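To start, the structure itself, in structure tokens.
If you want it as structure tokens, here you go:
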């Protein structure tokens, strides 16, 4: 049976790894904070002392760490996964990483005979726990096919978007669309309030027509309720938009909507709200429109 | 039985009036272009020679004209509806009008004992024909109750948002949310194409997650298919965003996302595409990102 590794047991990684355990797979896991592995060990997983220790015993190694720097460290740092990778191993990066970095790491891993599959997700902590994540995958078809049954333990809407990096491109597209929609919903609800109109009724009216979005339904309600418990933290949204704008710079293209959303997300983190849900973006609008006073 | 008038038989007004006829109501109608009334007359409607002629015989007068200037002319111009309005008449403006103009006209009509209900719609020509429009209504509760059975012949999601003007505020909010979402979807699909990734697969991956919107589903597909047959014309979207930004100016608030979308919509109309569906906004992005060459 395929031996599975899992590196990075944060808000997303831990419930995703638990869903693999529940499906009957035996995992070898690593987390910087060893205590994070405890629920998995109770569920039958083994612990390794380093990412390299995971790679030595696993054919398929999932990685779910917070940013490009952390990914580089667990892959290519001292004791990193690259030190232990076997021939034909598949490394699956489920975090949000830049497409350029993904393609670079893919080339470096290929020199060792290993394949990198990029498979970032959408759906947040709730989706990770429920096993209902959207998974956007990039990589060679045979590797995708080998990992698919494992993806199916963690997610529901699983799309093989294209070659290596295509999953991260799709995730960047997701964040472009989500951030613009979030801004539009925040402006609409702020505008309604400034007109003295019940923003809750406006949301209700808009849900039935062409303005319908999941963001309007769920994040619009959060804005009305002032419920900014994450969800998806503003500082992670800011980080993802940093990736988007880095790629726009590299490609020489303009993404004015994403750039505007990124500026406002910077301001949201700047006022100390980086750990709130990113729907708190409406607070930035309210600040410069004078509604916070 | 309540006598019903209908003024303005354009792309939206004609099918909406026909749905009232089909429900068994006898209408008195007026259109600048008399020939537009022909299908209604065949369905049993009477024609009047002026908006004032409609108002003389109708208790409830629907108006569906293209902008504030046309609304002022049919209401207060020579031969306008205001000349013929009876006591307790209800004027229902189903076009998209600025909230400030709506409140002004409401006061002017009240001097004659008439009530203005603002009831702009979302759903486009397809929704008007199918009787599935979203209707966002503002006005006093008793007037709304009197008009509701007629709204139910034209639409499905009917929300009484608040007092006079609140329907137009909701419509403005709708256009704020829709235009930002449209920009986000256009940027996402353009970004995917510039990365060499299949934009159709990206759309598919995004539909299953938090980026889902009706705009992504329907307008995203239009963008992929280069199908810009309206739908909702860019020049009307531009006009509606003009109302939004006029209100933002009047209120002294900043709507940076709506302002950006409005600028790009200006450019879309400027390149001669005002009669295309507003999802053609992606063409503006492609122009400055060099994909049109």
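Chains as they are written, first to last, in the numbering used here: chain L, 839 to 1131; chain R, 839 to 1131. Quick reminder that beta carbons are idealized off the backbone N, C-alpha and C, glycines included. None of the values given here were measured: they were computed from a predicted structure.
Alpha-carbon spacing of residue i relative to residue j, whole angstroms
i, j, result
"residue 1056/L", "residue 914/L", "39 angstroms"
"residue 986/L", "residue 992/L", "10 angstroms"
"residue 910/L", "residue 903/L", "10 angstroms"
"residue 957/R", "residue 1012/R", "13 angstroms"
"residue 1100/L", "residue 1076/L", "6 angstroms"
"residue 847/R", "residue 1079/R", "23 angstroms"
"residue 887/L", "residue 1088/L", "37 angstroms"
"residue 841/R", "residue 925/R", "14 angstroms"
"residue 857/L", "residue 941/R", "57 angstroms"
"residue 859/L", "residue 852/L", "11 angstroms"
"residue 1069/R", "residue 964/R", "8 angstroms"
"residue 839/R", "residue 1000/R", "27 angstroms"
"residue 997/R", "residue 883/R", "28 angstroms"
"residue 966/L", "residue 978/L", "25 angstroms"
"residue 1059/L", "residue 1019/L", "14 angstroms"
"residue 1063/R", "residue 1022/R", "18 angstroms"
"residue 1103/R", "residue 1010/R", "16 angstroms"
"residue 1125/R", "residue 897/R", "51 angstroms"
"residue 1123/L", "residue 1049/L", "20 angstroms"
"residue 1081/L", "residue 1074/L", "11 angstroms"
"residue 1032/L", "residue 1007/R", "10 angstroms"
"residue 1047/L", "residue 982/L", "37 angstroms"
"residue 975/R", "residue 984/L", "54 angstroms"
"residue 870/R", "residue 1037/L", "37 angstroms"
"residue 1004/L", "residue 1016/L", "18 angstroms"
"residue 872/R", "residue 885/R", "9 angstroms"
"residue 875/L", "residue 1066/L", "28 angstroms"
"residue 1091/R", "residue 1034/L", "13 angstroms"
Three-state class that DSSP yields for residue i in the structure shown
i, result
"residue 854/L", "helix"
"residue 994/R", "strand"
"residue 1131/L", "Note that residue 1131/L scores a pLDDT of 45, beneath 50, so its modelled location is shaky; the value from the coordinates is reported in the next line. Coil at residue 1131/L, not helix or strand."
"residue 1039/R", "helix"
"residue 1002/R", "coil"
"residue 922/R", "coil"
"residue 1063/R", "helix"
"residue 903/R", "coil"
"residue 1017/R", "helix"
"residue 881/R", "coil"
"residue 897/R", "coil"
"residue 1009/R", "helix"
"residue 976/R", "strand"
"residue 1071/R", "strand"
"residue 1117/L", "helix"
"residue 871/L", "coil"
"residue 944/R", "helix"
"residue 1108/L", "helix"
"residue 1091/L", "coil"
"residue 866/L", "strand"
"residue 962/L", "helix"
"residue 971/R", "strand"
"residue 1080/L", "helix"
Same chain only: Cβ atoms within 6 angstroms of residue i, ignoring 5 sequence neighbours per side
i, result
"residue 844/R", "855, 865, 867, 900"
"residue 923/R", "893, 950, 952"
"residue 944/R", "954, 1002"
"residue 1061/R", "1027, 1117, 1120"
"residue 989/R", "973, 996"
"residue 850/L", "902, 966"
Neighbourhood of residue i by C-beta distance below 7 angstroms, restricted to the same chain and skipping five residues each side
i, result
"residue 890/L", "917, 918, 919, 921, 922"
"residue 1045/L", "1054, 1055"
"residue 906/L", "935, 936, 939"
Close Cβ partners of residue i (< 8 angstroms) along its chain, the five nearest in sequence each way excluded
i, result
"residue 1083/L", "1093, 1096, 1097, 1100"
"residue 1106/L", "1072, 1076, 1112, 1114, 1116, 1118, 1119, 1121, 1122"
"residue 1127/R", "1028, 1032"
Quiz item: Between the stretch 1038-1047 of chain R and the stretch 930-945 of chain R, are three or more C-beta pairs nearer than 8 angstroms?
Solution: With a cut-off of 8 angstroms on Cβ pairs, the stretch 1038-1047 of chain R is not in contact with the stretch 930-945 of chain R, counting fewer than three such pairs.
Quiz item: So does the stretch 867-881 of chain R actually touch the stretch 1102-1114 of chain L, counting three or more Cβ pairs closer than 8 angstroms?
Solution: Judged by Cβ distances under 8 angstroms, the stretch 867-881 of chain R makes no contact with the stretch 1102-1114 of chain L, as fewer than three pairs qualify.
Exercise. Could you tell me whether the stretch 992-1006 of chain L touches the stretch 958-973 of chain L, using the rule of 3 or more Cβ pairs below 8 angstroms?
Key: Touching, yes.
Quiz item: With a cut-off of 8 angstroms, do at least 3 Cβ pairs link the stretch 1051-1069 of chain R to the stretch 1089-1105 of chain R?
Solution: Not touching, per the Cβ criterion.
Self-check item: Chain-ordered residues of the stretch 1064-1093 of chain L with a beta carbon less than 7 angstroms from chain R
Solution: Of all residues in the stretch 1064-1093 of chain L, 1089, 1091, 1092, 1093 have a Cβ within less than 7 angstroms of some Cβ in chain R.
Self-check item: Under 9 angstroms (Cβ pairs) to chain L, residues found in the stretch 1030-1052 of chain R
Solution: For the stretch 1030-1052 of chain R, residues whose beta-carbon sits nearer than 9 angstroms to a beta-carbon of chain L comprise 1030, 1032, 1033, 1034, 1035, 1036, 1037, 1039, 1040, 1041, 1042, 1043, 1044, 1045, 1046, 1047, 1048, 1049, 1050, 1051, 1052.
Exercise. Can you give me, in chain order, the residues of the stretch 947-980 of chain R that have a beta carbon less than 7 angstroms from any beta carbon in chain L?
Key: For the stretch 947-980 of chain R, the residues whose beta carbon sits under 7 angstroms from a beta carbon of chain L are, in order, 960, 961, 972, 974.
Quiz item: What are the residues of the stretch 1102-1122 of chain R that lie near chain L, defined by any Cβ-Cβ distance shorter than 8 angstroms?
Solution: Residues passing the 8 angstroms Cβ filter: 1102.
Self-check item: Residues, ordered as in the chain, of the stretch 1010-1024 of chain L that lie near chain R by beta-carbon distance below 9 angstroms
Solution: Along the stretch 1010-1024 of chain L, going in chain order, the ones with a CB nearer than 9 angstroms to a CB of chain R are 1010, 1011, 1012, 1013, 1014, 1015, 1016, 1017, 1018, 1019, 1020, 1021, 1022, 1023, 1024.
Quiz item: Listed in chain order, which residues of the stretch 910-943 of chain R have Cβ atoms closer than 8 angstroms to some Cβ of chain L?
Solution: Listed in sequence order: 937.
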